[in-house]
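Numbering (full-length UniProt numbering), first residue to last: 1 to 160. Idealized CB from N, CA, C, for every residue including glycine. The structure appears below as structure tokens.
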């Protein structure tokens with residue numbers, strides 16, 4: 001199993017920070033996170049450690065991908081196959097059935113109220129405490145920011 005990384009957060013250089021602040025119309029909206037020198041919304045600071053510390057079960061199904069690569073379609077297919085083509089169940093909110101574990105940190109203005117009411121806490125709380133087994137979990141985070149338990153002892157990814 002990989003060793004538990006220490007998360008560090010840094011302000012962006014002024015030029016990059018100002019550009020992103022104007023783009024998202026929010027002051028200090030992004031931070032640099034290490035390991036990995038990843039730029040993510042500042043709200044990640046409130047859930048990052050919880051994600052790293054999350055228990056990974058053998059029955060979990062993790063779908064990790066880059067954004068905009070067809071992950072929503074893949075998520076639906078994997079969930080349906082894992083639930084014997086339960087089309088009725090698939091009518092429920094996708095972000096509740098198979099949540100993006102980091103969703104709480106990327107919600108934009110106007111959606112946070114919906115998110116808090118639907119998820120009832122953070123997206124990490126939803127995954128940890130309220131998803132039925134087996135849990136179907138999605139993420140766009142880089143490997144270093146995923147839960148430590150997602151690896152086998154030899155450093156390879158768990159098969160699901």
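Apply the 10 Å Cβ neighbour rule to residue i and answer buried if 16 or more other Cβ atoms are within range, or exposed otherwise.
i           : result
residue 161 : Residue 161 is absent from the model: the chain starts at 1 and stops at 160.
residue 163 : The displayed coordinates of the chain run from 1 to 160. Any statement about residue 163 would go beyond what the structure contains.
residue 60  : buried
residue 104 : buried
What residues are listed by DSSP as bridge partners for residue i?
i           : result
residue 151 : 157
residue 9   : 33
residue 51  : Residue 51 is not bridged to any residue.
residue 41  : 30
Round the Cβ separation of residue i and residue j to the nearest angstrom and send it over; I've been treating them as touching at under 8 Å.
i           : j           : result
residue 30  : residue 40  : 7 Å
residue 140 : residue 67  : 5 Å
residue 52  : residue 127 : Residue 52 to residue 127, Cβ: 13 Å. No contact.
residue 70  : residue 7   : Contact doesn't hold; Cβ gap of about 29 Å is too wide.
residue 79  : residue 136 : 5 Å
With DSSP collapsed to three states, give me the class of residue i.
i          : result
residue 21 : helix
Entirely enclosed beta strand (DSSP E) segments - the UniProt domain "Sulfotransferase" (58-152), minimum 3 residues: Correct list: 61-64 and 136-139.
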